[in-house]
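Here the protein sequences line up with chains A and B, keeping their order.
Heads up: the first sequence begins at 1362 in my numbering, then just goes up one per residue.
Heads up: the second sequence begins at 3 in my numbering, then just goes up one per residue.
Take a look at the structure set out below.
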Amino acid sequence: MSRFRDLPIRRKLLLMTALSSVTALLLASGGFLLWDVERFRTTIEEDMQAQARLLSQGVSSALTFGDDRAAAEDLAVLRIRPRVAMSCLYHSSGLLFASYHRDGDSECPLRPPLPSNFGWNPVITVLEPVLVNDQAVGTLFIERDATDVYDRLRVGALTASVVLFLAFLASFVIAARMQHLIASPLLDLAGTARTISSSQDYTIRAAQRSEDEVGVVVRAFNDMLAHIASRDRDLSRANEDLGREVSLRRAVEAERTAALARERDANRLKDEFLATLSHELRTPLNAVLGWTQVLRTARVEPDKQERALESIERNARAQARLIEDLLEVSRIASGKLRLQVRPIDLASVVEAAAEIVQPAAAAKRIRLHVDLGQRPAMTSADPDRLQQVVWNLLSNAVKFTPQDGEVRVELRRRAGYLLTVQDSGPGIDPRFIPHVFEPFRQADGTASREHGGLGLGLAIAKQLVELHGGTIQARSPGGGQGAAFDIHLPSVIAAADVPAAPSQPTVAASVLGLDRTLLRDVHVVVVDDEEDARILLETALSECGATVTTAATASEGLAAVSRRPPDVVISDIGMPQADGFSLIRQLRAMAPAHGGDIPAIALTAYASPEDRLAALEAGYQHHVAKPFEATEIVRLVRSLASEAHPHHA
Amino acid sequence: MLAVLSTSAPSAAQEVVEVTPEYRLKAEFIHNFIKFIEWPDGAGGGPLTICVAGQNPFGSTLTTQVEGDTVSGRPIALRVILEPEDGCHVVFVPRTSLGPQAYLRQAQGTPTLTVGEAPDFVTQGGIIGFSMEAERVRFTIDQAAAEKAGLKISSRLLTLARQPE
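In structure tokens:
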């Protein structure tokens, strides 16, 4: 049975149809056959009964008169019935009176037998009483063989078998033809289900061809698929959301990790930088303090004294330079740096920078080749800043190039200007090249490094070049084959359009190298609590022809302004009692006639951009960080004085 | 009287003994004939009477046979007659009888079945005549005579009878 259950539906339908039709035919034909044979037999029996009755009447007289011969003759009429095997006539006393035998081999029973036509006897027997005037005078017994009944049964069964076989064939063929009505929708459905399960494609739908139970199943199946598909969509949407969230979180996590790494990196760099800074600031101080002590305590020969002063000045300048660099980075970082852009000759800038490093190069016997190409190389730029950049690159080159080495400077026109500084030093580790322009980065971060510096020069150079709309790149094959820096600057102004630089009138230069009449008729009030600063400023400004009034406190300064309003006020910010902010607020509170709108310069060691902003907001026109270049102050005072009093210019 | 009585008793016994198988059969036959023959309706009521002319050869066998028997609801009576009489439905004329013609004449025109033993009994006008054939009792029926007498003889009886010459 279970094997049947696993058969394909096609085969099941065939089997079921064939089996049911065969069973029905078997029952029908069997029943008919039995009925037919039984009827046949009954007919025969009735016929024999009638025969026996007739015969019994015929033989009644012969029996009555004991005429056995006549009786035998009467019985012999049964000869026309070849199936009758024998016929026996018994006297009422039970004795055999007369008989008829078809063949010789059968014998009449001596006594009349009992009626025995039950079941499937091979013979049919009839017992008929012989009556005369309603009185039984004897019994007639007829025996007939029933082979024809069995023949009929055999023939019937054979016919039925043939019919059955044909019917089975016919039903099989019809079932085979018709089973697809039921089987094919189911097979389609099964095929669709198989396809879906193998391809995982839930958009496939089974075709519904009918409204019967199979159609209902197909519709339910399709509904189920739709459910699955929608659930799939929901799931994949949820998955996508989840995936997005996960990747977002991962990104955030990576970002945080990177930020952490950057922060660690920055901290390390800052630590390194602070160590370097401390070292770099101490180094010149050593020389300054050492020489100062020597000068104070010992009797020093005049030529030694000169050397000592020179060393002190050089070291002080170097330190000032360091601090200036730091502030520059800070300015650039806060976007406070302003370029004084004007038409310049790039070649002159490069030449000036080369001249500055020439002595250092000569000290190391380094050959300095300068190839400036076609002159003038005009562009719009801040010459001081550009010179700072070129000087930085050149001094780096000289610094890293060993004795008897070579440094090349080339200026070429190439979509603007291309300035290349090449040295024959140890070169740059290719791994470090990407970091070369980062502030506070030095290839050798250890305290025992060979070369000094804060690692700010290249960062500043990069920022300055980019402020000019240019680019700077470092390249080095590494391994002692030198390094090269390429600066590309746009040519903002065509060379022909630039008017020749106005020639400065050559006048007698001051100790500072400035015109002694530059600040003639200019009155300056200087307020600073430090005497050194006051004296330095007074000396520098007086050298250029200015009238200087000094004050040690804000109130003294204000008093001086009230006494005689100056052209410019220069004030320190950090002072005991009233500071520079207090002073400028009080000054600006005064009436213009009493000096309320006198231009003022804040001169302070508070050099951060915030300090600078605070000073400008408080009312100062300019902010100059200490230590200052005297020449810068002189220029600033002159420009402010000429703005306030154009007639002076 | 005692002698008569004594003789009559053994004689009666002797009579019984003396009844031959032939007559035992013939008594039976006569009894059976009645069953196969129909008398016309006008043949009178009362019992069906069998008359034995002259000497009774059956002894008591025939009496014994018909006693209590009925034919078509009529009882059967047995009578021995010495001369032709009216009221007989069946007249048996034994071989010993000297003048069967008288009985035949008497029966003429009446529904009377005449049965005789003489070889020419049927030719003389009798209806049924007995004969012997190798120990077997045979009989001849003159159907024409029977029809004349108004008797209906069953065909079954006729099939058993010998045809008259």
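We put the CB at the ideal spot given by N, CA and C, even for glycine.
- Rounded to whole angstroms, the gap between the alpha carbons of A/G1818 and A/A1708 is 21 Å.
- By the beta-carbon neighbour count (other beta carbons within 10 angstroms, threshold 16), A/Q1654 is exposed.
- Annotated three-state conformation of B/P23 is helix, per DSSP.
- Any Cβ of chain A closer than 9 Å to the Cβ of B/F31 would place that residue at the interface, and such an atom is present.
- Residues of chain B whose Cβ lies closer than 9 Å to the Cβ of A/A1423 are, in chain order, R158, T161, L162.
- A/T1908 has A/H1884 as its beta-bridge partners, per DSSP.
- Under the Cβ criterion of 9 Å, A/A1411 is not counted among the residues facing chain B.
- Taking a beta-carbon distance threshold of 9 Å, A/N1482 does not count as an interface residue toward chain B.
- In the structure shown, A/L1424 falls within a helical segment according to DSSP collapsed to helix, strand and coil.
- Under the Cβ criterion of 9 Å, B/L27 is counted among the residues facing chain A.
- For A/V1493, the nearest CB of chain B lies under 9 Å from its own CB, placing it at the interface with that chain.
- The Cβ of A/A1389 sits no closer than 9 Å to any Cβ of chain B.
- Neighbours of B/N58 in chain A, taken as residues whose beta carbon is under 8 Å from its own, are absent, since the nearest beta carbon is some 22 Å off.
- Around the C-beta of B/G128, 16 or more other C-beta atoms lie within 10 Å, and the residue is accordingly described as buried.
- Counting of Cβ neighbours within 10 angstroms places A/T1384 among the exposed residues, the total staying below 16.
- Taken in chain order, the unbroken stretches of alpha helix (DSSP H) that lie wholly in the segment 59-100 of chain B and span 4 residues or more are 63-68.
- Nearest neighbour of A/V1886 by Cα position, chosen from A/Q1824, A/D1632, A/E1667, A/A2002, turns out to be A/A2002.
- When C-alpha distances from A/R1726 are compared across A/Q1764, A/G1734, A/V1759, the shortest belongs to A/Q1764.
- Three or more pairs of CB atoms, one per stretch, sit closer than 8 Å, so the segment 92-110 of chain B contacts the segment 25-36 of chain B.
- The beta carbon of B/K154 sits no closer than 9 Å to any beta carbon of chain A.
- Contact between A/F1458 and A/A1432 holds, since their C-beta atoms are separated by about 6 Å, short of 8 Å.
- For A/L1707, the enclosing alpha helix (DSSP H) begins and ends at 1707-1724.
- The C-beta of B/F38 comes closer than 9 Å to at least one C-beta of chain A.
- Residue range 1663-1695 is occupied by the alpha helix (DSSP H) that includes A/I1673.
- DSSP places A/E1891 outside both helix and strand once states are collapsed to three, so it counts as coil.
- Here B/I52 really is in contact with B/V68; their C-beta atoms are around 7 Å apart, less than 8 Å.
- Following the DSSP letters along the chain, one finds A/P1645 inside the alpha helix (DSSP H) bounded by residues 1574-1658.
- For A/F1426, the neighbours in chain B by C-beta distance under 7 Å run, in chain order, F31, N34, L162.
- Residue pairing by DSSP places B/G118 opposite B/V95, B/G131 in a beta bridge.
- Under the DSSP definition of a beta bridge, A/M1447 partners with A/H1462, A/E1504.
- Each residue's CA atom was taken as its position, placing A/T1832 and A/G1604 some 42 Å apart.
- With a threshold of 16 other beta carbon atoms within 10 Å, A/H1640 falls short and is exposed.
- Under the criterion of beta carbons closer than 8 Å, A/L1902 and A/V1998 qualify as touching, at roughly 7 Å.
- Between the segment 1400-1416 of chain A and the segment 1501-1518 of chain A there are three or more inter-stretch CB-CB distances shorter than 8 Å, so the stretches are counted as touching.
- Under the 9 Å criterion on CB atoms, B/S133 is classed as non-interfacial with respect to chain A.
- Taking a beta-carbon distance threshold of 9 Å, A/A1431 counts as an interface residue toward chain B.
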